[in-house]
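Here is the structure we will look at.
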Amino acid sequence: MRVMILGGDGFCGWPTALHLSARGWDVLVVDNLSRRNIDNELEIRSLTPIRTMGERIAAWKEVSGRTIDFVNLTVGKEFDRLVALIKDWAPDSVVHFAEQRAAPYSMKSARHKLYTVDNNLNATNHLLAAIVESGRDVHLAHLGTMGSMATLPRVCASPRAI
Numbered sequence: 001m002r003v004m005i006l007g008g009d010g011f012c013g014w015p016t017a018l019h020l021s022a023r024g025w026d027v028l029v030v031d032n033l034s035r036r037n038i039d040n041e042l043e044i045r046s047l048t049p050i051r052t053m054g055e056r057i058a059a060w061k062e063v064s065g066r067t068i069d070f071v072n073l074t075v076g077k078e079f080d081r082l083v084a085l086i087k088d089w090a091p092d093s094v095v096h097f098a099e100q101r102a103a104p105y106s107m108k109s110a111r112h113k114l115y116t117v118d119n120n121l122n123a124t125n126h127l128l129a130a131i132v133e134s135g136r137d138v139h140l141a142h143l144g145t146m147g148s149m150a151t152l153p154r155v156c157a158s159p160r161a162i
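According to the UniProt record's numbering, the sequence shown is numbered sequentially starting from 1.
Here it is as structure tokens:
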């Protein structure tokens, strides 16, 4: 099986890449590394240092003997490259984590809000259109949340609630 993991440099994406690679899947991580830029902008550092993508891939190869491929691409902006990648790499599945992850970041300013909405909506829209444009039969898993789970009601009063 061949899987493209969009947002594969992230908190969920990288462990997913390792998990599937360990099970024998061919893995392609697609990411624009924006999380690293956002961390630099906010002057924050992970408690566990996050190595470069090249270092991560090399370390995985060393411990597992398996290769993970990487393409630096902005899913929400580079539609033609995304279509070509899906056609050329021919994944069986795509796992979509390619979203700006933090609601508080989107609330810092109008610029941050625009970036978040543009990135998150365009990435999904581009991906769906690229799959259709590619003509490939690709299984898609989109894993993300909009908003804060803490603000959702704990009990639904609707009589149609499941």
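Using N, Cα and C, we set each Cβ at its ideal position, and we do this for glycine too.
Just so it is clear, the structure is predicted and the values come from calculations on it, not from any experiment.
For residue 141, the uninterrupted beta strand (DSSP E) run begins and ends at 139–142, by DSSP.
The Cβ atoms of residue 7 and residue 79 lie no closer than 9 Å to each other.
For a cut-off of 8 Å, the C-beta gap from residue 30 to residue 71 is around 5 Å, short enough to register as a contact. Nearest to residue 34 by C-alpha distance, out of 12, 108, 119, 133, is 119. The secondary-structure analysis by DSSP pairs residue 4 across a beta bridge with 28, 94. Residue 57 sits in a helix when the DSSP states are folded into three classes.
14 is the residue among 14, 112, 19, 76 whose C-alpha sits nearest the C-alpha of residue 54. If you check the CB distance, residue 63 and residue 32 do not come in under 9 Å.
Shortest Cα-Cα distance from residue 40 to any of 68, 90, 105, 73 involves 105. In the DSSP assignment, the residues bridged to residue 71 are 30. Contact between the region 43–62 and the region 105–114 is absent: fewer than three C-beta pairs spanning the two stretches fall below 8 Å. Residue environment: residue 123 is assigned as buried (16 or more neighbouring CB atoms within 10 Å of its CB, all protein chains considered). Taken in chain order, the complete beta strand (DSSP E) segments of 3 residues or longer contained in the region 77–121 are 93–96. Proximity to residue 23 across 116, 47, 85, 2 peaks at 2, based on C-alpha coordinates.
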